[in-house]
Amino acid sequence: MRCPARLAGIVGLLLVGAAAGLAAVRFGLAIPLGALAGLALFLIAFFEPKTGLLCALGIATLLPFGVLPFRLAVTPSFLEIVLLGLLAGWLLAPWLREGRRYRLAPLDLGAWLFMGLLIVGLSLGIGRGLDATRVHNVGKFLLALLAYFGARQTVKDGRHVRQYLAVLLVCAGLAAALGILLHALPDPMAQAVLTRLGVVGYPTTGRVLRYVEDDPHGLERAIGTSVDPNAFGGMLAFAASVALGELLQPRGHALPRYALGLILATLLGAIYLTYSRAALGGWVAGCLFLAAARYRRLFGVLLAGALILALLVAGLWWNTPVVERFREGVRFQDLANRMRLAEYANAWAILRRYPIFGVGLAGAPDIDLSTGVSSLYLTIAEHMGLVGLAAFLGLVGAALAQGLYACRNHTRATGSGHRLALLSGVVTALAIGLLDHYFFNVEFPHMALMFWSAVEIASDRGWDLP
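If you read the sequence shown in the working numbering, its first letter stands for residue 30, the second for the next number, and so on.
Listed below in structure tokens is the structure:
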């Protein structure tokens, strides 16, 4: 049986190579290389779902908006291809791999309910501007949500958890370093570098570089390869909370301590350069969670840092762009926060008219209303109503409670520290969600992938460390 299978594999590879060669002659190298990369990613995720999840993490942090370098009716992204392979791999595992079975958990019902409500929201948008692009985006977002189940099927023991954490932190650290480098380059050079990514779907015109209040003469914001500085800051803050949690635990780190310290410093430097108040505030919330849950000494460090900052700002009139932006934000003097107030008022109007299931995943049905609000919770309420918001809060709240219970009942286990680090990342994302919506936005499925995979791994009691 092995010889025919091996022969078929060789013939298949030869055919793929011949097709790639012909495509290179006709269209250049970008198209065949992109197609081969997409095929390789799908096959890796299909045959090795655990490796596929790690590939998805790498893409989510380093190339979240990369797509195949040719246009179709809907052009699939590299992240989407990996997630499709991952989904197919673990769904078919019991038939393809002897002895493999699905792992079920009590929270599965809540996760399926939430995804079902998302599909209800999609159906409510039919006839109200729901085009193919929007449906495709919702499909990618659903694939990212399914990573909740994919993570459980693939992350089965402590070694897998350490690999997940190592890939997340190393790739996030590289993304942060790239963001700092691009920010340090002269604007024309940074723009030239970023527009080179146009071959895989990145913007080449318009707002390639981003500035505070879109003023090219003002402060440039770090974006890395994440297009949006607030989304970039949210991803970095999530990873920085996980890195701090890993650094604080006494033993069994996913990476050497010096590497964790270097990554954390790089992440914090990049967060600062995004000038994202939500990201900085979310990271502080993650720190407070770690201090309250276990590392009490962290309270003293945070308090000392707050006092020093207050003394510098109030006593010595020390000022930096971030301090000034925080001051303007608290006083609602800047354009972004004034727009937020208008968005909150509009979201409240939508909830009053459509409280149960919201307006769906298309545009608002009434001409005097518009969807879009800088809040994860109000975004869910707008599109899925109070029922969807309750399902989200119930699922995430139950996952947090289950994760904390597992931590407190296994305080001596190394896995407890890993859980706590991931839970701090989840808390950071939830805190950021008060002022930003990127962890629940169908155009940012990579953010949903990181959030939901972390929620599942942190709450799953099925893996044990050796």
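Where is the CB? At the ideal position from N, CA and C, for every residue including glycine. None of these values were measured; they are calculated from a predicted model.
Tell me, which residues are paired with residue i by DSSP?
i	result
Glu109	Glu109 is not bridged to any residue.
Val96	Ser106
Tyr240	Glu249
Distance, Cα to Cα, residue i vs residue j?
i	j	result
Val388	Leu159	12 Å
Asn375	Leu83	39 Å
Pro258	His466	13 Å
Gly423	Val222	44 Å
Val455	Tyr406	14 Å
Phe107	Leu70	8 Å
Pro279	Arg286	10 Å
Trp481	Val96	22 Å
Leu101	Gly230	12 Å
Leu226	Thr233	8 Å
Glu275	Phe355	28 Å
Thr183	Asp395	44 Å
Gly334	Glu249	26 Å
Val237	Ala206	18 Å
His447	His282	8 Å
Leu121	Arg181	15 Å
Ile209	Ala66	27 Å
Gly426	His246	44 Å
Leu198	Ala173	19 Å
Ile385	Gly310	31 Å
Ala288	Gln220	30 Å
Ala49	Ala321	Caution is warranted here: a pLDDT of 49 is assigned to Ala49, below 50, making its placement in the model unreliable, and no coordinate value can be reported.
Gly38	Val271	Only weak support exists for where Gly38 lies, its pLDDT of 49 falling under 50; the value from the coordinates is given anyway. If I take the Cα positions, the gap works out to 41 Å.
Arg326	Asp244	42 Å
Gly63	Asp397	44 Å
Does the Cβ-Cβ distance between residue i and residue j come in under 7 Å?
i	j	result
Pro61	His475	no
Ala393	Val484	no
Gly150	Met413	yes
Phe468	Thr408	no
Ile300	Gly262	yes
Leu116	Leu68	no
Asp363	Glu372	no
Leu449	Cys436	yes
Tyr324	Leu277	yes
Phe328	Ser453	no
Ala487	Phe267	no
Val103	His165	yes
Thr80	Ala201	no
Gly179	Trp119	yes
Leu296	Cys316	no
Ala410	Leu418	yes
Ala420	Phe143	yes
For residue i, count neighbouring Cβ atoms within 10 angstroms of its own Cβ and tell me buried if that reaches 16, exposed if not.
i	result
Ala565	Residue 565 lies beyond the range of the chain shown here (30 to 495); nothing can be said about it.
Ala213	exposed
Gly98	The sequence given here places Pro at residue 98; Gly does not occur at that position. Buried, because 16 or more other Cβ atoms sit within 10 Å of the Cβ of Pro98.
Ile337	exposed
Trp141	exposed
Ser152	exposed
Thr254	buried
Trp312	buried
Ile461	buried
Val190	buried
Leu284	buried
Leu478	buried
Met264	buried
Asp489	buried
Tyr434	exposed
Thr162	exposed
Arg382	exposed
Glu242	exposed
Trp377	exposed
Ile379	buried
Ile252	buried
Gly154	buried
Arg157	exposed
Leu464	buried
Val352	exposed
Ala339	exposed
Leu133	exposed
Gly235	exposed
Is any beta-carbon of chain D found at less than 7 Å from that of residue i?
i	result
Leu223	In the displayed structure, chain D is absent; only one protein chain is listed.
Does the stretch 135-143 come close enough to the stretch 443-457 to have 3 or more Cβ pairs within less than 8 Å?
-> no
At least three beta-carbon pairs within less than 8 Å, the stretch 164-176 to the stretch 471-486 = yes
Okay, do the stretch 112-120 and the stretch 68-77 touch, 3+ Cβ pairs below 8 Å being the bar?
-> yes
Three or more C-beta pairs closer than 8 Å, one from the stretch 179-198 and one from the stretch 84-91: is that the case here?
-> yes
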